[in-house]
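Visitor:
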Amino acid sequence: MTMHNDPLEELNKLVPLQDKLRATHKSVADLFPFIVRIAIAIYDPETSVLKTYMHSSGDDNPLEHYSALIDDAPSLKEILKTGLPRVINNMLTFEGSESEHTRRLGRYGYAASYTMPMFNNGIFFGFIFFNSDKKDVFDENTLRQIDTYGHLISLMVINEITSIRVLTAAVKTTGNITHIRDPETGSHLDRMSRYCRLIANSIADKYQLDDDYIEHLFMFSPLHDIGKIGIPDDILLKPEGLNDSEAEVMHSHANLGKRMVDEILQNFGLENIEYVDMLRNIAEFHHESVNGQGYPSGIEGEQIPLEARIVAVADVFDALTSARPYKSAWSNQAAIEELNKLAGEKLDRDCVNALIQNLDEVEQIQAQFREDFYG
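Those letters in the sequence shown? Residues 939 to 1313, by the numbering used here.
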């Protein structure tokens, strides 16, 4: 009997998807050294936006925090239309080289590219890019072998995203019970989750946030108020201000949310999905204040996890600019003035500035996810 060294042994381990992608890239590069980068982009069907998600090339990433409408990338849209992969054996002569993403890749020395669409049960959800530092390398024999790796990567991504969607669906289903009782709406969650992504992208360089973190923040942020399921109707739906004892009960939704998340993760066997601590932090700490006067723990400043600070700004801004049975919607300008007052006291100043400095994109989100009678 002889022993065999499995080059993909890392895939058997309980490690993040990022580590599995890098292990897969190493195996690919052992066969094809010219493949110097594998990257994944995720498609958001609600906005038709393609977003960078994950890559295997360490700190060398020409498309960090990059997103674009699929309509602005004609060659990628053609892949979506036909369902067939795309080969570019010389990016310098590629007819779509005027696009921003192609120019960025060229500046980093990538000379050729192979792009595979990813489908889950026939539904398109993104692309895998195999980038080469040499041109004219993607022949039929090479592509047949790379295709196997591409489908393996696709399955790993599907598994990761499906796990998150199972978690999200479980929480959202129970969350719908909350929103039947709670004046907040589904449109609120659509908007605030996109505000979170907008803020995170804006501060990404300062806080060294990668696209993986930002995408998980986008996916997890709508679950911030899951703990409200445990709040009695007479407090949750009370139109006027709460007294001290009622406020204490309302404040308990943060700890309740954390406990509910833990229970759902355990019941669905999802404790090991990537960034799961981010979800716990969002549920528990999104009402903390940077001056230490928030709840449930009274932590302050950078003791508050960044994801919770981001969610707090997005949540407050959308609450101010949304109509509720007990209040009219504030104008964006009035809400911005209020955010500036709260910055450095209740809210993180960097996160507030990030939202304010991207008001054009805020208005686009508001236009796309308008409130209606049914939310």
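Just so you know, even glycine gets a beta-carbon here, dropped at the ideal spot from N, CA and C.
The structure displayed is predicted, hence computed values, not measured ones.
Quick one: residues in its chain with C-beta nearer than 6 angstroms to the C-beta of Leu949, no 5 flanking neighbours on either side, listed in chain order?
Guide: Hits under 6 angstroms: Lys958.
Visitor: Could you tell me which of Asn1028, Leu1090 and Val1025 sits nearest to Met1056, measuring between CA atoms?
Guide: When each option's Cα is compared against that of Met1056, the closest is Leu1090.
Visitor: Since Asp1251 contacts Val1290 with CB under 8 angstroms, what's their CB separation in whole angstroms?
Guide: Strictly speaking, residue 1251 in this sequence is Val, with Asp absent from that position. With a Cβ gap of about 6 angstroms, Val1251 and Val1290 count as contacting.
Visitor: Below 8 angstroms on the Cβ atoms is my contact criterion, and I expect Lys1249 with Cys1134 to pass it. Report the Cβ-Cβ distance as a whole number of Å.
Guide: In the sequence on display, residue 1249 carries Val and not Lys. At roughly 6 angstroms, the Cβ-Cβ gap stays under 8 angstroms, so Val1249 and Cys1134 are in contact.
Visitor: Output the boundary residues of the alpha helix (DSSP H) element that contains Leu894.
Guide: Because the chain here runs from 939 to 1313, residue 894 falls outside it and cannot be looked at.
Visitor: Whose CA, out of Asp1071, Ser994, Glu984 and Gln1271, lies closest to the CA of Asn1027?
Guide: Taking only the C-alpha atoms, the option nearest Asn1027 is Asp1071.
Visitor: Asn1069 and Val987 look like a contact to me (Cβ under 8 angstroms); what is the Cβ gap, rounded to whole Å?
Guide: Contact doesn't hold; Cβ gap of about 21 angstroms is too wide.
Visitor: Could you pull out every unbroken alpha helix (DSSP H) segment of at least 4 residues lying fully inside the segment 1192-1245, listed in chain order?
Guide: As far as the segment 1192-1245 is concerned, its whole alpha helix (DSSP H) runs of at least 4 residues are 1214-1223.
Visitor: Using only the alpha-carbon positions, how far apart do Ser1159 and Phe1223 sit?
Guide: Rounded to whole angstroms, Ser1159 to Phe1223 spans 12 angstroms at the Cα level.
Visitor: Given that a residue counts as buried once 16 or more other Cβ atoms are within 10 Å of its Cβ, and exposed if not, what is His1192?
Guide: One point to set straight first is that residue 1192 is Ala, not His, in the sequence displayed. Looking at its Cβ environment, which holds 16 or more other Cβ atoms inside 10 Å, Ala1192 is buried.
Visitor: So, with DSSP's three-state summary, where would you put Arg1308?
Guide: Of the three classes helix, strand and coil, the one that applies to Arg1308 here is coil, per DSSP.
Visitor: Does DSSP put Pro1121 in a helix, in a strand, or in coil?
Guide: At Pro1121, the pLDDT of 48 sits below 50, so the modelled position is not reliable; the number obtained from the coordinates is stated separately. DSSP places Pro1121 in coil when its eight states are reduced to three.
Visitor: Hey, quick one: how far does the beta strand (DSSP E) through Arg1262 stretch, first residue to last?
Guide: From DSSP, Arg1262 is part of no beta strand (DSSP E); its letter is neither H nor E.
Visitor: Out of Pro945, Arg1287 and Lys989, point me to the one whose CA is closest to Leu969's CA.
Guide: Looking at the Cα atoms, Pro945 is the closest of the given residues.
Visitor: Does any heavy atom of the ligand MN sit closer than 7 angstroms to the C-beta of Leu1090?
Guide: Annotation note on the ligand MN: not contained in the displayed structure, which lists no ligands.
Visitor: In terms of residues, what are the limits of the alpha helix (DSSP H) holding Tyr1151?
Guide: Asp1149 to Phe1158 is the extent of the alpha helix (DSSP H) around Tyr1151.
Visitor: CA-CA distance, Glu1016 and Gly1179?
Guide: Their Cα atoms are separated by approximately 55 angstroms.
Visitor: Nearest to Asp1298 by alpha carbon, out of Leu1277, Glu1275, Asn1270 and Leu1280?
Guide: Nearest of Leu1277, Glu1275, Asn1270 and Leu1280 to Asp1298, Cα basis: Asn1270.
Visitor: Under 6 angstroms Cβ to Cβ from Trp1268, same chain only, skipping five residues before and after it: list those, please.
Guide: Excluding residues within five positions, the ones whose Cβ falls inside 6 angstroms are Leu1258 and Thr1259.
Visitor: Let me confirm a value: Arg1218 is counted as buried when at least 16 other C-beta atoms fall within 10 Å, else exposed. Which label applies?
Guide: Buried is the call here.
Visitor: Below 8 angstroms on the Cβ atoms is my contact criterion, and I expect Glu1346 with Ser1227 to pass it. Report the Cβ-Cβ distance as a whole number of Å.
Guide: An answer regarding residue 1346 cannot be provided, because it is not within the stretch 939 to 1313 covered by the chain.
Visitor: Tell me the DSSP secondary structure of Ala977 in three-state form.
Guide: Three-state DSSP puts Ala977 in a strand.
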